[in-house]
Amino acid sequence: MNNYYTISQKAEASFTEKRSEFIGCIAPVQTNDEAVAFIESIREKHRKATHNVYAYILRNDNISRYSDDGEPQGTAGIPVFDVLRKKNLTDVCIVVTRYFGGILLGGGGLVRAYSHCASITCDSAEIMNMCRCTHINISADYSLYGKISYIIPEYKVITVSSDFGDKVNLELLVTDEYREALCKELRNISGGNISIRFGKELFEDFSSVKK
Numbered sequence: 173m174n175n176y177y178t179i180s181q182k183a184e185a186s187f188t189e190k191r192s193e194f195i196g197c198i199a200p201v202q203t204n205d206e207a208v209a210f211i212e213s214i215r216e217k218h219r220k221a222t223h224n225v226y227a228y229i230l231r232n233d234n235i236s237r238y239s240d241d242g243e244p245q246g247t248a249g250i251p252v253f254d255v256l257r258k259k260n261l262t263d264v265c266i267v268v269t270r271y272f273g274g275i276l277l278g279g280g281g282l283v284r285a286y287s288h289c290a291s292i293t294c295d296s297a298e299i300m301n302m303c304r305c306t307h308i309n310i311s312a313d314y315s316l317y318g319k320i321s322y323i324i325p326e327y328k329v330i331t332v333s334s335d336f337g338d339k340v341n342l343e344l345l346v347t348d349e350y351r352e353a354l355c356k357e358l359r360n361i362s363g364g365n366i367s368i369r370f371g372k373e374l375f376e377d378f379s380s381v382k383k
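Counting along the sequence shown from 1, when you hit position 2 you're at 174 in our numbering, and nothing is skipped either side.
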């Protein structure tokens, strides 16, 4: 997996359908225990609610779970889960709480209501595009800085730090997709008079990078 989408922090959204209030809460989670703890926290917060329907998807061990929490089978948990899949989100847990308003919605109405609440809850969250990338440390003479600073924006790169001492030292994060091409061009424009050191590989949010 070269990239995946998740959220930066918790978010909420709600709406009312035929007097029933639906409240969606979504949170970033990375483990099954974190997902369960989040679900329990929402249940505790909404102890008087009629239902606390949930769904979550985790990258680790490819875990996914959902629950109708007492709603008719297939009318709540699966629709919420399907929203996460369609929005291509992972490492997230969402709980849709329902306070029953006294009017039955029917099977189709429940599916639409839970899907809508899950969708607006996801839309209220800040989405992160997590890309596999590598730390790269560049060291070069000042005479090359103009060329280096010109080509870096042409690639999917995040500048972590810049140090202007005896030489120009840049710490970059570059995605796997662009790493080889960037390093090749850096060597070409410098005639090989550049130091490129590779650090650790990780996933980082590249949502703000326009490339």
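For each residue, glycine too, the CB sits at the ideal point set by N, CA and C.
For residue i, decide whether its Cβ has a neighbour in chain B, counting only Cβ atoms nearer than 8 Å.
i    : result
R257 : In the structure shown, chain B cannot be found, because there is only a single protein chain.
Mind checking which residues open and close the beta strand (DSSP E) that includes residue i?
i    : result
P200 : S192 to P200
D240 : Taken as a continuous stretch (DSSP letters only), D240 belongs to no beta strand (DSSP E), as it is neither H nor E.
G318 : Premise fails: G318 lies in the alpha helix (DSSP H), Y317 to I323, not in any beta strand (DSSP E).
When the distance is taken between beta carbons, is residue j closer than 8 Å to residue i?
i    : j    : result
T293 : I266 : yes
L261 : I211 : no
What residue range does the alpha helix (DSSP H) around residue i cover?
i    : result
L277 : Run containing L277: none; DSSP gives neither H nor E here.
K255 : Sequence check: residue 255 is Val here, not Lys. Element bounds for V255: G249 to K258.
Which residues in the same chain as residue i place their Cβ atom closer than 6 Å to its Cβ, once the five residues preceding and following it in sequence are excluded?
i    : result
T347 : C303, C305 and K328
S367 : S311
K182 : A199
Expressed to the nearest angstrom, what Euclidean distance is found between the alpha-carbon atoms of residue i and residue j?
i    : j    : result
N301 : D241 : 31 Å
E373 : I214 : 35 Å
V381 : T222 : 43 Å
A248 : H288 : 11 Å
F187 : V268 : 11 Å
Report yes if the C-beta of residue i is less than 7 Å from at least one heavy atom of the ligand MN; otherwise report no.
i    : result
K259 : For the ligand MN, the structure offers nothing, since it holds no ligand at all.
Near residue i, what residues of its chain come up, given a Cβ to Cβ distance below 8 Å and the 5 sequence neighbours on each side ignored?
i    : result
G281 : E189 and K190
Starting from the C-beta of residue i, find all residues in its chain whose C-beta is less than 7 Å away, skip the five residues before and the five after it, and write them out in chain order.
i    : result
S334 : L342
Check whether the segment 271–285 and the segment 335–354 touch, using three or more Cβ-Cβ pairs below 8 Å as the test. no
Evaluate the contact criterion for the segment 226–233 versus the segment 321–339: three or more CB pairs, one atom per stretch, below 8 Å. no
Do the segment 306–317 and the segment 187–194 make contact, defined as three or more Cβ pairs closer than 8 Å? no
At least 3 beta-carbon pairs within less than 8 Å: the segment 215–222 vs the segment 251–261: no
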